[in-house]
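Notes for the one structure printed next.
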Amino acid sequence: MHVIGTAGHVDHGKSTLIKALTGIDPDRLPQEKERGMTIDLGFAWITLPSGRDVSIVDVPGHERFVRNMLAGVGGIDLAILVIAADEGVMPQTREHLAILDLLKTKRTIIALTKTDLVDDEFLTLVQAETEEVLTGTIFDGAPMINISAQTGSGLDALKTQIDQMLKETPARQDLGRPRLAVDRTFTVAGFGTVVTGTLIDGTLSIGQEVELLPSGRRCRIRGLQSHNQKIDIADPGRRLAVNLSGISHDEVSRGDVLTMPGWLKPTNLINARVKLIPNAPRPLKHNARVGFHVLVSETPARIRLLDTRQLQPGDKAWAQIHLEYPVPLVKDDFFVIRDTETTLGGGKVVDTSTKRQRPFAASILDHLEAMEHGNLEQIILGTIDKWGPCTISELAERVNQTYSQIEPIVQQLLTNGDAIHLGNSEGVTPNLIIYSLNEWNLLNQTTTDSLIEYHSLFPLRKGISREELRNRIGLPSALFNLVLGRMVSESNVSEDGTYVRLPTHNPIPTSQQQKLLNQYLASLETEPYSPPTDNALPSDLLGYLSDTGQIVKVDSTLVFTTAAYQEMVSAVTEYIVANGNITVGNARTLFNSSRKYILPLLEYLDQQRVTKRIGDERVLR
Numbered sequence: 082m083h084v085i086g087t088a089g090h091v092d093h094g095k096s097t098l099i100k101a102l103t104g105i106d107p108d109r110l111p112q113e114k115e116r117g118m119t120i121d122l123g124f125a126w127i128t129l130p131s132g133r134d135v136s137i138v139d140v141p142g143h144e145r146f147v148r149n150m151l152a153g154v155g156g157i158d159l160a161i162l163v164i165a166a167d168e169g170v171m172p173q174t175r176e177h178l179a180i181l182d183l184l185k186t187k188r189t190i191i192a193l194t195k196t197d198l199v200d201d202e203f204l205t206l207v208q209a210e211t212e213e214v215l216t217g218t219i220f221d222g223a224p225m226i227n228i229s230a231q232t233g234s235g236l237d238a239l240k241t242q243i244d245q246m247l248k249e250t251p252a253r254q255d256l257g258r259p260r261l262a263v264d265r266t267f268t269v270a271g272f273g274t275v276v277t278g279t280l281i282d283g284t285l286s287i288g289q290e291v292e293l294l295p296s297g298r299r300c301r302i303r304g305l306q307s308h309n310q311k312i313d314i315a316d317p318g319r320r321l322a323v324n325l326s327g328i329s330h331d332e333v334s335r336g337d338v339l340t341m342p343g344w345l346k347p348t349n350l351i352n353a354r355v356k357l358i359p360n361a362p363r364p365l366k367h368n369a370r371v372g373f374h375v376l377v378s379e380t381p382a383r384i385r386l387l388d389t390r391q392l393q394p395g396d397k398a399w400a401q402i403h404l405e406y407p408v409p410l411v412k413d414d415f416f417v418i419r420d421t422e423t424t425l426g427g428g429k430v431v432d433t434s435t436k437r438q439r440p441f442a443a444s445i446l447d448h449l450e451a452m453e454h455g456n457l458e459q460i461i462l463g464t465i466d467k468w469g470p471c472t473i474s475e476l477a478e479r480v481n482q483t484y485s486q487i488e489p490i491v492q493q494l495l496t497n498g499d500a501i502h503l504g505n506s507e508g509v510t511p512n513l514i515i516y517s518l519n520e521w522n523l524l525n526q527t528t529t530d531s532l533i534e535y536h537s538l539f540p541l542r543k544g545i546s547r548e549e550l551r552n553r554i555g556l557p558s559a560l561f562n563l564v565l566g567r568m569v570s571e572s573n574v575s576e577d578g579t580y581v582r583l584p585t586h587n588p589i590p591t592s593q594q595q596k597l598l599n600q601y602l603a604s605l606e607t608e609p610y611s612p613p614t615d616n617a618l619p620s621d622l623l624g625y626l627s628d629t630g631q632i633v634k635v636d637s638t639l640v641f642t643t644a645a646y647q648e649m650v651s652a653v654t655e656y657i658v659a660n661g662n663i664t665v666g667n668a669r670t671l672f673n674s675s676r677k678y679i680l681p682l683l684e685y686l687d688q689q690r691v692t693k694r695i696g697d698e699r700v701l702r
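Read in order, the letters of the sequence shown are residues 82 to 702 in this note's numbering.
Here it is as structure tokens:
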């Protein structure tokens, strides 16, 4: 299914032409009929001579309604530029032409309407003027068809031309990730909320759960219609009316995107190549505020130029665009920028980003060049370099390709060592997490630096806790576990229980420290079952004794030598085996010690699951 759209100056006959072609009046609003001009988007459809069904979007031509025009041309396969023969090229003709040029509409036709109102000589002059204006644009060399909607002249030729061009137009690719940009929303009695739009990038079906972005509201498809016909499944490129259940009309707005849940995240930052149209009224300055238009949405935005301080009319520049409101975007989406009155330029999304970029940074500019002009392998490497680790399914979404398209390339990158995977895997799967080799090496270096710093600060500790290391390198828990597993397998780090260290780390006390340790251990051994509690060591030395298994710390103040602790555990166990249970009093007698030592010991044995308390008694677990 394909969609075509009209463009052109107000009152040049766009709606009349569509009605003559289809028999459908696209002016649906009472105000439009009263004024005799299109205010909002109108829709119609036609069956071409080949039998091909085609949707038609009629857009407003008046300068005050250019925003609505932008909403209509965001998803079209063929554009018809309508120029009235009795007036020729007019201001809105030029603006619509600039917009279509920015959106890279590949297939174009010029329709010279109202030819019944002019003589042949004047028509020839208008044709020559039109060709001159269109030179160097996407309409350069496009077929020009003379039409009179009143007499019917040229209508068959236009249908045939449309048919031939669409025959050569590939069908919209099914990426498995449907997007429908909502251009109308209304309610129908007995059915509820209905939205319309052009479906791209995937299919929709009755009963399917969908998500509305940017709100994130989930709902379900109750019904589908295309060209007033009920359908069960809709393919990419089709104009649709979608009946939604589980959501009210006032929860949906023009510009929302209907898609499958979970994959598409609205963003406030994009990197893009921006082009200023040649007749822009002024240069575009760094940090300029503009109106940002993409598909059907519009939001204020600020443009931060990355490779120049000022963009001149007709020139291109790299830019990071900060959107005031989050918009669900993917790579290669086209957009237009405007001020309050005029179209300034536009471009194509190269990368959705969450990081603010520094102007004139060579690495950033090289990355953007590769993302725009590189082959798919370079784009994939550039994406995982800048985005960090991701599943292959997520990677496909970020580069706007299907899994099957990128799978063999990812496999080759893994084989060549240009990328690595995390976790155990016997093959490339959609859920496999991959890292670029460059990012992996950087992460290894960051981890090593963190451990070197920690070991320097705490030389007697056996290592850093897993959680502290995770926080230092800034990874979520699930990813950190996979990362740590690979680092251990590569012998970059060693794991010791809940601690992580460099393989070369070996805690060795200084001679002075060893003297203090010996004195402390000797004090514990004087009365092994009732050791002193006021002869505390510095925490790092105490930790060293615990890490090396020389002491057991029962609570914040009570410490036993490991030998004494093991003797006490054996004695308690034997006593319970012989007597069935043990009390605090029994233990005091057994060790000739006081409640100060015995109660913490027994509570510690409970914690270690050696014993279990029942009332005032303890039994073995």
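Beta carbons: idealized from backbone N, C-alpha and C, even for Gly.
Check residue i in the structure and name its three-state DSSP category.
i           : result
residue 587 : coil
residue 487 : helix
residue 280 : strand
residue 615 : coil
residue 412 : coil
residue 703 : Not covered by the structure: residue 703. The range shown for the chain is 82 to 702.
residue 535 : helix
residue 133 : coil
residue 562 : helix
residue 649 : helix
residue 246 : helix
residue 330 : helix
residue 397 : strand
residue 128 : strand
residue 691 : coil
residue 262 : strand
residue 289 : coil
residue 100 : helix
Taking the continuous beta strand (DSSP E) assigned at residue i, which residues delimit it?
i           : result
residue 306 : 298-307
residue 448 : Careful: residue 448 lies outside any beta strand (DSSP E), inside the alpha helix (DSSP H) at 443-454.
residue 640 : 640-642
residue 190 : 188-194
residue 378 : 378-386
residue 229 : No beta strand (DSSP E) contains residue 229, which DSSP labels as neither H nor E.
residue 699 : 698-701
residue 311 : 310-312
residue 634 : 632-634
residue 340 : 338-340
residue 372 : 369-375
Checking 7 Å against the spacing of the C-beta atoms, do residue i and residue j come in under that value?
i           : j           : result
residue 565 : residue 504 : no
residue 372 : residue 419 : yes
residue 531 : residue 553 : yes
residue 614 : residue 639 : yes
residue 457 : residue 501 : no
residue 390 : residue 340 : no
residue 472 : residue 514 : yes
residue 65  : residue 431 : Only positions 82 to 702 of the chain appear in the structure, and residue 65 is not among them; the question remains open.
residue 581 : residue 547 : yes
residue 368 : residue 383 : yes
residue 335 : residue 264 : yes
residue 356 : residue 455 : no
residue 196 : residue 164 : no
residue 674 : residue 610 : yes
Would you mind working out which of the options sits nearest residue i, comparing C-alpha positions?
i           : options               : result
residue 194 : 202, 182, 208 and 185 : 208
residue 436 : 422, 250, 469 and 452 : 469
residue 87  : 427, 465 and 136      : 136
residue 651 : 632, 596 and 671      : 671
residue 665 : 568, 697, 347 and 557 : 697
residue 166 : 100, 244 and 93       : 93
residue 248 : 203, 306, 296 and 188 : 188
residue 438 : 425, 560 and 400      : 400
residue 680 : 635, 176, 454 and 179 : 635
residue 444 : 467, 224, 424 and 425 : 467
For the putative contact between residue i and residue j, defined by C-beta atoms under 8 Å, what is the C-beta separation to the nearest angstrom?
i           : j           : result
residue 283 : residue 256 : 6 Å
residue 241 : residue 381 : Actually they are not in contact, since the Cβ atoms of residue 241 and residue 381 sit about 44 Å apart, beyond 8 Å.
Flag residue i as yes when its Cβ comes closer than 6 Å to any non-hydrogen atom of the ligand COA, and as no otherwise.
i           : result
residue 604 : Of ligands this structure carries none, so the ligand COA is not represented either.
Counting along the chain, where does the alpha helix (DSSP H) carrying residue i start and finish?
i           : result
residue 681 : 676-688
residue 177 : 172-183
residue 209 : 201-215
residue 666 : 665-672
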